[in-house]
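If you're matching positions, the sequence shown starts at 665 in this note's numbering and goes up one per residue. Glycine is no exception: its CB is placed at the ideal position from the N, C-alpha and C atoms. What follows is a short report on a single structure.
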Amino acid sequence: MHRHDCQLCDEMLAELTALGRTLALPPIDVVDVDADPVLKRRHGLDVPVLLLEGTVVCRHRLDRGELLRLLQPGPHAATRA
């Protein structure tokens, strides 16, 4: 989730873009949290939010370690569905 004129949002997107140059990341869909009343109510000021298959990976700052952990194949993959 992203918000217009949000420095943290822009920073996370830049970090994900840079990370995507070295790793095969799933496609990044940038969703404007303010464009959807349900998302705005659910996430409010807790943006940016990085989701992987509908599960929150991190909020506010990129948690690179958690993202990489969730992208690894293994037993935790079932919890990502």
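- In this structure, the beta-carbon distance from residue 712 to residue 670 falls below 8 Å.
- Residue 695 places its beta carbon 8 Å or farther from that of residue 683.
- Every unbroken stretch of the beta strand (DSSP E) spanning 3 or more residues and falling wholly within the segment 670 to 727 is given here in chain order: 713 to 716, 719 to 723.
- With contacts defined as CB atoms closer than 8 Å, residue 734 and residue 716 qualify as a contacting pair.
- A straight line joining the alpha-carbon of residue 706 with that of residue 686 spans about 32 Å.
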